[in-house]
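With positions in the sequence shown counted from 1, the corresponding number in my numbering is that position plus 258.
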Amino acid sequence: MRQRQESQAARRAREFEAFVAGAAGRLLHAATLLTAEAPDHNPRARRLLTLALTHTYASWDRLRGEDPYDRTRQYLATRFSRAAWHQYGGFGRSRAHPDSPLARLGPQERLILVLRLYEGVAEEQTAALLGLPIERVRTICDRATATLLHPPRGPAPAVAKAKVAPS
């Protein structure tokens with residue numbers, strides 16, 4: 259009996275290691291986009307990914323045919339959403355790294371944009387995951403996309419007054 263349990267535990271560990279080897283890079287990139295940190299310095303994204311992978315490992319035997327990547331991504335998104343809500347009192351503006359491509363977006367905009375465009379999650383699934391109406395998800399995604407494609411312009415340059423020669 260003990261040998262059988264050890265064998266099952268070893269198989270479980272090998273399966274999970276194979277999953278992490280294949281999925282961790284993409285999930286870390288998604289977490290880095292969510293936290294809007296620099297790719298080479300992303301401690302919040304790494305912590306978020308570690309928590310999501312820990313959760314997936316803890317429920318590995320209960321997946322029963324579920325996609326572990328999808329489960330991990332859902333937990334990653336939910337955890338990010340909760341952390342942003344508690345840390346910033348809602349989906350307010352968080353401090354993003356200025357070099358991040360998503361630095362101009364708020365946490366909710368980043369979350370929806372990453373799920374929809376980077377991860378390819380359908381509007382309906384994104385709305386269900388976040389507890390939002392589909393129209394709201396669509397509006398936020400469109401607004402975030404427009405912000406990235408058409409960044410706000412800075413102030414107009416000052417115009418020097420021309421000197422008028424006396425006549």
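Note that beta-carbon positions come from the ideal geometry of N, C-alpha and C, so glycine has one too.
- Task: Measure the Cβ-Cβ separation of Arg-329 and Thr-314 and say whether it is below 7 Å.
- Result: Yes; because the gap between Cβ atoms is below 7 Å, this pair is in contact.
- Item | Length of the line joining the Cα atoms of Val-278 and Ala-416 | Distance between the alpha carbons of Val-278 and Ala-416: 54 Å.
- Sort Val-372, Arg-411, Pro-413, Glu-377 by Cα distance to Ile-398 and report the nearest one. Of all alpha-carbon atoms in Val-372, Arg-411, Pro-413, Glu-377, the one lying nearest the alpha-carbon of Ile-398 is that of Val-372.
- Query: Do you know whose CA, among Thr-403, Ser-358, Thr-336, lies nearest Ala-296's CA?
  - Reply: Comparing Cα positions, the closest option is Ser-358.
- DSSP state of His-299 mapped onto helix, strand, coil: Here His-299 sits in strand by DSSP.
- Query: Out of curiosity, what's the CA-to-CA distance linking Glu-275 and Ala-281?
  - Reply: Each residue's CA atom was taken as its position, placing Glu-275 and Ala-281 some 10 Å apart.
- Item | Own chain, CB closer than 7 Å to Tyr-376, minus 5 neighbours either side, in chain order | Same-chain partners within the cutoff: Ala-288, Leu-291.
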